[in-house]
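Trainee:
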Amino acid sequence: MKSIGLADFQTMWTTGHTRYLEALERVGRSGWLVLGSEVAQFEEDLAKHWGIPHAVGVANGLDALEIAFRCEGMKPGDRVITTPLSAFATTLALLRVGAVPVFVDVDASGLLDLELAENAMQLDPKPRFIVPVHLFGHAMSVDALETFAKRHQLTVIEDCAQAIGAKSGSRPVGAASRVCATSFYPTKNLGAFGDAGALLTSETSIRDQARRLRDYGQSDKYVHDEVGMNSRLDELHAAMLRSVQLPALQAQTERRAQIAHRYLGAIKNAAVTMPPVPFQSVSVWHLFPLLVNEREAFRAHLKEHGVLTGLHYPKLIPDQVAMKSTEFHVVGHLTRAQHFAVAEVSIPLHPFMSDDDVTRVIDAVNSFGTNA
Ligand SMILES: *Cc1c(COP(=O)(O)O)cnc(C)c1O
Numbered sequence: 000m001k002s003i004g005l006a007d008f009q010t011m012w013t014t015g016h017t018r019y020l021e022a023l024e025r026v027g028r029s030g031w032l033v034l035g036s037e038v039a040q041f042e043e044d045l046a047k048h049w050g051i052p053h054a055v056g057v058a059n060g061l062d063a064l065e066i067a068f069r070c071e072g073m074k075p076g077d078r079v080i081t082t083p084l085s086a087f088a089t090t091l092a093l094l095r096v097g098a099v100p101v102f103v104d105v106d107a108s109g110l111l112d113l114e115l116a117e118n119a120m121q122l123d124p125k126p127r128f129i130v131p132v133h134l135f136g137h138a139m140s141v142d143a144l145e146t147f148a149k150r151h152q153l154t155v156i157e158d159c160a161q162a163i164g165a166k167s168g169s170r171p172v173g174a175a176s177r178v179c180a181t182s183f184y185p186t187k188n189l190g191a192f193g194d195a196g197a198l199l200t201s202e203t204s205i206r207d208q209a210r211r212l213r214d215y216g217q218s219d220k221y222v223h224d225e226v227g228m229n230s231r232l233d234e235l236h237a238a239m240l241r242s243v244q245l246p247a248l249q250a251q252t253e254r255r256a257q258i259a260h261r262y263l264g265a266i267k268n269a270a271v272t273m274p275p276v277p278f279q280s281v282s283v284w285h286l287f288p289l290l291v292n293e294r295e296a297f298r299a300h301l302k303e304h305g306v307l308t309g310l311h312y313p314k315l316i317p318d319q320v321a322m323k324s325t326e327f328h329v330v331g332h333l334t335r336a337q338h339f340a341v342a343e344v345s346i347p348l349h350p351f352m353s354d355d356d357v358t359r360v361i362d363a364v365n366s367f368g369t370n371a
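Its first residue numbered 0, the sequence shown is counted upward by one per residue in numbering that gives the first Met the number 0.
1. Is any heavy atom of ligand 1 found at a distance shorter than 6 Å from the C-beta of Gly309?
2. Decide yes or no for the touch test of the segment 210–220 against the segment 61–73: beta carbon pairs closer than 8 Å, at least 3 of them.
3. Where are the beta strand (DSSP E) runs, 3 residues long or more, that stay fully inside the segment 213–252, in chain order?
4. Quick check: the Cα distance between Ala88 and Glu37, rounded to an integer number of angstroms?
5. For Ser366 and Arg254, what's the separation of their Cα atoms in angstroms?
6. Nearest by alpha-carbon distance to Ala336: which of Asp44, Pro83, Leu34 is it?
7. Mind listing, in chain order, the continuous beta strand (DSSP E) runs of no fewer than 3 residues lying wholly within the segment 66–93?
8. With the cut-off set at 7 Å, would you say Glu157 and Pro131 are in Cβ contact?
9. Note down the Cα distance separating Arg298 from Gly193, rounded to an integer number of angstroms.
10. So, is Leu32 buried or exposed, given that buried needs 16 or more other C-beta atoms within 10 angstroms?
11. Taking the continuous beta strand (DSSP E) assigned at Ala197, which residues delimit it?
12. For ligand 1, is there any heavy atom lying closer than 6 Å to the beta carbon of Ala299?
13. Consult DSSP for Thr334 and reduce its assignment to one of helix, strand or coil.
14. Within a Cβ cutoff of 8 Å, which residues of the same chain sit near Gln319, ignoring the five residues on either side of it in sequence?
15. In whole angstroms, what separates the C-alpha of Phe339 from that of Ser108?
16. Just list the alpha helix (DSSP H) runs in the segment 288–331, keeping only unbroken ones of 4 residues or longer that don't cross its boundaries, in chain order.
17. Where DSSP assigns a beta bridge to Thr358, which residues make up the other side?
18. Got a sec: is the Cβ-Cβ distance from Ala250 to anything in chain C below 7 Å?
19. Give a yes or no on contact between the segment 138–158 and the segment 106–121, applying the rule of three or more CB pairs nearer than 8 Å.
20. Report buried or exposed for Leu20, applying the criterion of at least 16 other Cβ atoms within 10 angstroms of its Cβ.
21. Counting along the chain, where does the alpha helix (DSSP H) carrying Ala22 start and finish?
22. Could you tell me which whole beta strand (DSSP E) segments of length 3 or greater appear in the segment 113–163?
23. Quick check: does the Cβ of Asn229 come within less than 6 Å of any heavy atom belonging to ligand 1?
24. For ligand 1, is there any heavy atom lying closer than 6 Å to the beta carbon of Asn59?
25. Whole angstroms are fine: how far does the CA of Gln257 sit from the CA of Met239?
26. How would you call Asn188, buried or exposed, if buried means at least 16 neighbouring beta carbons within 10 angstroms?
27. Output the boundary residues of the beta strand (DSSP E) element that contains Phe102.
28. Here's the rule: buried if 16 or more other CB atoms are within 10 angstroms of the residue's CB, otherwise exposed. What is His300?
29. From the DSSP output, in three-state form, read off Leu111 for me.
30. Answer with buried or exposed for Asp104, where buried requires no fewer than 16 other C-beta atoms within 10 angstroms of its C-beta.
31. Which class does Ile258 belong to by DSSP, given the choice of helix, strand or coil?
32. Quick check: does the Cβ of Val132 come within less than 6 Å of any heavy atom belonging to ligand 1?
33. Going by the C-beta, is Ser85 closer than 6 Å to any heavy atom of ligand 1?
Now the structure itself:
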């Protein structure tokens, strides 16, 4: 029997096959390959879908974060509160602008703990920014982020790479920021056939600056008023995203939620803990994390039953070797984050899973430790 993986790009291709080929044909025939009408139309559709006025397509999520930071005036030496439990890209984008990460422990759900973040404000000089991550597809409280930022005069820039479409109450992730960033890396909920990303912003001035920064800092052809980068989005990615993946996102997100709710209701094994969903989070279930003390035995058991797993993330960002040559701060102890690092296991959850696949995963999890 075929193993159940964390994603299924082949089914993604066959499901959208005809429409992908139409998108390819449209771009090929247009003769325009980079930053054209497909990108512009995708940006408009994405902004509308998200409920934030403007989107700017870029080459990947890392660049989207860096450009967002630069648009908000982040400077070398600026201290930035962020999470130790994320894709390395969150911190890497900070390092690329010369900022100094200030790591704060996570809450029981694995997301940046805003109560502990209070302690980061004792630093002198104080942090000027906060970069939270809506991890696993869960939404941190947008209201709480806003309140925290206002009280401490911090600029918020949310990393929404894992949480496209997630809401906190009725507010979309990204709504606590003037500009937020996301990724269309293939594994993400809105995945391209390669690398791509975007910024979302409520401000036309930020939109315009982000458009310049992604294209060598050009304000007009051959006019370079600022030091930009090459982070352009290809027409081909935009065409496929806008014609196939984006229109399917709502239904796929509902399917993810359905599967997550089956897991939440049916997984019962004393060796396995399901971290709580954050208060008021309408999650998009990018991942389904479990906490298991005997992680390697658990993963081997699942693999034997044809269920593949992932780890998010086995090594905290401040513990990475690359961080040795950088300046950063750790506030207090990263006890909960450390627990995720040693005990988290992600089980398959993607929209192309059948009901039988879901049952197989549940049975494999529940039979761990029972000699089955
Ligand atoms: C994937 C991801 C990124 C980086 O996106 P890329 O497109 O791979 O550069 C940043 N932050 C988080 C939380 C991610 O999951």
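Even for Gly, the Cβ is constructed at its ideal location relative to N, Cα and C.
Mentor: Judging by the given coordinates:
1. Flag unset: Cβ of Gly309 not near ligand 1.
2. As far as the Cβ criterion goes, the segment 210–220 touches the segment 61–73, which means the pair count is three or higher.
3. Counting whole runs of 3 or more residues, the segment 213–252 contains the beta strand (DSSP E) stretches 217–219.
4. Each residue's Cα considered, the two are about 27 Å apart.
5. If I take the Cα positions, the gap works out to 25 Å.
6. The closest CA to that of Ala336, considering only Asp44, Pro83, Leu34, is found on Pro83.
7. Taking 3 residues as the shortest admissible run, the segment 66–93 contains the following complete beta strand (DSSP E) segments, listed from N- to C-terminal end: 78–81.
8. Against a cut-off of 7 Å, the Cβ pair of Pro131 and Glu157 comes out as a contact.
9. Here the C-alpha atom of Arg298 lies approximately 28 Å from the C-alpha atom of Gly193.
10. Counting other Cβ atoms within 10 Å of its Cβ, Leu32 stays below 16 and is therefore classed as exposed.
11. 196–200 is the span of the beta strand (DSSP E), which, as asked, contains Ala197.
12. Incorrect: Ala299 has no Cβ contact closer than 6 Å to ligand 1.
13. Note: Thr334 maps to helix in three-state DSSP.
14. Cβ within range, chain order: Phe87.
15. Each residue's CA atom was taken as its position, placing Phe339 and Ser108 some 9 Å apart.
16. Along the length of the segment 288–331, whole alpha helix (DSSP H) runs at least 4 residues long occupy 294–303, reported in chain order.
17. Thr358 is not bridged by DSSP to any residue.
18. Any reference to chain C falls outside this structure, which holds one protein chain only.
19. Three or more Cβ pairs closer than 8 Å define a contact, and the segment 138–158 meets that threshold against the segment 106–121.
20. Classification for Leu20: exposed.
21. First-last of the alpha helix (DSSP H) with Ala22: 8–29.
22. Entirely contained in the segment 113–163, the beta strand (DSSP E) runs reaching 3 residues are, in chain order, 128–130.
23. For ligand 1, no non-hydrogen atom lies closer than 6 Å to the CB of Asn229.
24. Asn59 Cβ: within cutoff of ligand 1.
25. Met239 and Gln257 have their C-alpha atoms spaced approximately 26 Å apart.
26. Its Cβ being crowded by 16 or more others within 10 Å, Asn188 is buried.
27. Note, Phe102: beta strand (DSSP E), 99–103.
28. So His300 ends up on the buried side.
29. Leu111 falls in the strand class under three-state DSSP.
30. Result: buried.
31. Under the three-state reduction of DSSP output, Ile258 falls in the helix class.
32. Val132: yes, Cβ under 6 Å from ligand 1.
33. Yes.
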